[in-house]
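Enquirer: For reference, each letter of the sequence shown is one residue, going 100 to 559 in my numbering. To start, I am sharing the structure in question, which I have written as structure tokens.
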Amino acid sequence: MANPVVLKVTQGALEGKSFSFPERTTCIVGRAKDCNIKLPDDKHHETISRYHCRLEINPPNIRIRDFGSRNGTYVNGNKIGQRKSGLSVEQAVIDHSPEYDLSNGDEIKVGQTVFSVDTGDADIETDQTVVSVEDEKTTLSHFPDTSEVNEQIHQFPELQGISDFTAIKELGRGGMGAVFLTRNNQTGEEVALKVMLPQVAVNDFARNMFLRETRNTQVLNHPNVVKLLSSQSHGDIFYFTMEYCNRGSLNDLAKQRGGKLSVDEAMPLMLQALDGLQYAHTVEIPSAEQSDEVSVAMYLKDGAKQETSKGLVHRDLKPANIYLSEQSGELIAKVGDFGLAKAFDTSGLSGQTLTGGVGGSPIFMPRQQILNFKYSKPEVDVWAMMATFYKMLTGTYPRDFPRNQDPWLTALKNAPVPVRQRNPDIPPRLAEVIDEALIDEPDLRFHTADQLSQAIKSVL
């Protein structure tokens, strides 16, 4: 296990104080009261913005991003991220706030406060050079196509569990992988095959942890949750078979409808998705190693005690992973990809990009999740589900995300726009529930999927 990343204050009002980060997390530095590292809010720190910069930490790795602050952030004497004189935060161009990888011994200066970076790699020499990663982008060119997938699943012994399937066509691609429609050669059964490629090298420990986490989700069995059938790996590539949803996702449906759904079409789908979410949040998971969930004890018939966890939190809900299946002429909503975001982050296979942030973007995340990466209570999923259907009902996101403003800063500072300002056709009583469900300051209003479901039913 990697040593913790430690930030020690070497200059400034907090001199001598240290901040230790033993696990994967995010950290926001600034004068606002809810910053993870809060600097004094007084005249001596006026050059520091309320939300000044953001750190992504995955020991021993650490990355920094300035939020387009008025006076910038310094790394080893080099200024990063400062917006031009006379421009507001809203006018600061997002491309001027790239992310930078930090090394052991680097110094961060925010106002008059200086932090030294200790990654625990004391034997590794650094050149004290700031390295920008703004051009680092996930490329899908190395992901296999349909013919290559067929070669792999029929060639490698590790994939014998899916060797009876043949990939028919590609269904879609995302930030870390591709999905294929496959058919069982004997039974004709169709399943979806997701092929995922981590952004870092895979060792045995990470592989085993990742597969253990994903196998925990195989216990999920509900009509409104996509069933995960199997999880396997070969080399650095992971393969998952799951229930095939023949009508795509909410994203696909919205495109077919011209960008948004009617209330009459959206609300039944949302209530179904909330049913699936409530089930997943409360089901017993046979693993004592789930750090996010509530541990309970379950006694087997023979009297043996088996540790279990209570429920799974998704952490990455969005229109693209609310899938749709047509059954007897009716559309059924199913929550998909449960556990994948958490599994990639827990095992460290997502590199420095936090998959819980939707590829590094907080569009469907409440403030609580942005401020605390480890905040994994069911209520963050409830907020994200409402944000997802807000997008379906209006064609736009709950918050305005101007292209010239850092999206993380937007999510921290800007409240969601009342839904009837986006779509005045939404009934007033339903709009009140939607707006209340998207309040995330100071606290989230709905703590369970069932609470939100009942509130929606009461106004329909």
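For glycine and all other residues, C-beta sits at the position ideal for the given N, C-alpha and C.
1. If you draw a straight line from the C-alpha of S215 to the C-alpha of L360, how long is it?
2. Would you tell me roughly how many angstroms separate the C-alpha atoms of L537 and D165, rounded to the nearest one?
3. Quickly, what does DSSP pair G271 with across the bridge? List them, please.
4. With DSSP as the reference, please indicate the residues paired to V248 in a beta bridge.
5. On the DSSP letters alone, give me the boundaries of the beta strand (DSSP E) that V209 sits inside.
6. Nearest by alpha-carbon distance to A112: which of C126, I136 and N102 is it?
7. Tell me M369's beta-bridge partners as DSSP assigns them.
8. Can you tell which of K326, E478 and D499 has its C-alpha closest to the C-alpha of G438?
9. Quick check: what's the CA-CA separation for D205 versus D415?
10. Round the Cβ separation of A379 and G357 to the nearest angstrom and send it over; I've been treating them as touching at under 8 Å.
11. Tell me whether K433 counts as near the ligand SAM, meaning its Cβ is closer than 6 Å to at least one heavy atom of that ligand.
12. Do you know how far the Cα of V104 is from the Cα of G273?
13. In chain order, what residues of the same chain have a beta carbon less than 7 Å from the beta carbon of D351, not counting five sequence neighbours either side?
14. So what's Q467 in DSSP terms, helix, strand or just coil?
15. Would DSSP call L430 helix, strand or coil?
16. CA-CA distance, K490 and L376?
17. Just the Cα atoms here: how many angstroms apart are D391 and H321?
18. Could you check the C-alpha separation between L551 and I179 for me, to the nearest Å?
19. Hey, how far is the Cα of M485 from the Cα of D436?
20. What do you get for D401, buried or exposed, if any count of 16 or more other CB atoms within 10 angstroms of its CB means buried?
21. Among E429, D549, A548 and P526, which has the Cα closest to the Cα of L559?
22. When burial is assigned at 16 or more other CB atoms within 10 Å of the CB, is E224 buried or exposed?
23. My output table needs one value for G129: the three-state DSSP class, helix, strand or coil.
Expert: By the coordinates alone:
1. By one-based count along the sequence shown, residue 215 stands at place 116. By one-based count along the sequence shown, residue 360 stands at place 261. Distance between the alpha carbons of S215 and L360: 51 Å.
2. In the sequence shown, counting from the first residue as 1, residue 537 sits at position 438. In the sequence shown, counting from the first residue as 1, residue 165 sits at position 66. Looking at the two C-alpha atoms, the distance is approximately 27 Å.
3. As a working mapping, residue 271 is identified with position 172 in the sequence shown. In the DSSP secondary-structure assignment, G271 is bridged to V278.
4. If you number the sequence shown from 1, residue 248 lands on position 149. DSSP output for V248 lists no bridge partner at all.
5. Locating residue 209 in the sequence shown gives position 110, counting from the first residue. Element bounds for V209: E206 to V209.
6. The residue given as residue 112 occupies position 13 in the sequence shown. Considering only alpha carbons, the answer is I136.
7. By 1-based counting over the sequence shown, the position of residue 369 is 270. The partner list for M369 (beta bridge, DSSP) is empty, contrary to what the question assumes.
8. Locating residue 438 in the sequence shown gives position 339, counting from the first residue. Cα-wise, what sits closest to G438 is K326.
9. Reading the sequence shown from its first residue, position 106 is the one you call residue 205. Reading the sequence shown from its first residue, position 316 is the one you call residue 415. The alpha-carbon of D205 is positioned some 32 Å away from that of D415.
10. Taking the first residue of the sequence shown as 1, we reach residue 379 at position 280. Taking the first residue of the sequence shown as 1, we reach residue 357 at position 258. Actually they do not touch by this definition, with Cβ atoms about 31 Å apart.
11. Absence of the ligand SAM from the depicted structure is noted, as is the absence of any ligand whatsoever, leaving it without description.
12. Along the sequence shown, read from residue 1 onward, the residue named residue 273 stands at position 174. Along the sequence shown, read from residue 1 onward, the residue named residue 104 stands at position 5. Those two C-alpha atoms are separated by around 31 Å.
13. On the sequence shown, residue 351 is found 252 positions in, with the first residue counted as 1. For D351, there are no CB contacts under 7 Å within the same chain when 5 residues up- and downstream are skipped.
14. Taking the first residue of the sequence shown as position 1, residue 467 is located at position 368. The answer is helix: DSSP assigns Q467 an H, G or I state.
15. Stepping through the sequence shown from its first residue, residue 430 is reached at position 331. Strand, per DSSP.
16. The count along the sequence shown starts at 1 and reaches residue 490 at position 391. The count along the sequence shown starts at 1 and reaches residue 376 at position 277. In this structure, the straight-line span from the alpha carbon of K490 to that of L376 is close to 18 Å.
17. Taking the first residue of the sequence shown as 1, we reach residue 391 at position 292. Taking the first residue of the sequence shown as 1, we reach residue 321 at position 222. Because the pLDDT of D391 is 45, which lies under 50, any placement of that residue in the model is unreliable, and the question is left without a value.
18. Your numbering for residue 551 matches position 452 in the sequence shown. Your numbering for residue 179 matches position 80 in the sequence shown. Rounded to whole angstroms, the separation of the alpha carbons of I179 and L551 is 43 Å.
19. To locate residue 485, count along the sequence shown from 1; it is residue 386. To locate residue 436, count along the sequence shown from 1; it is residue 337. Going by the C-alpha atoms only, they are around 18 Å apart.
20. Here residue 401 refers to the residue found at position 302 of the sequence shown. Confidence in D401 is poor, its pLDDT being 40 and thus under 50, which makes the residue's placement unreliable; the coordinate value appears in the next sentence. Counting the other Cβ atoms within 10 Å of the Cβ of D401 gives fewer than 16, which makes it exposed.
21. In the sequence shown, the residue the question calls residue 559 occupies position 460. Out of E429, D549, A548 and P526, the CA that lies nearest to the CA of L559 is found in P526.
22. As a first step, residue 224 is located in the sequence shown; it is residue number 125 there, counting from the start. Any reading at E224 needs caution, since the residue's pLDDT is 42, under 50, leaving its predicted position unreliable; the model's value is listed next. By the neighbour-count rule (16 or more Cβ atoms within 10 Å), E224 is not buried but exposed.
23. In the sequence shown, counting from the first residue as 1, residue 129 sits at position 30. DSSP places G129 in strand when its eight states are reduced to three.
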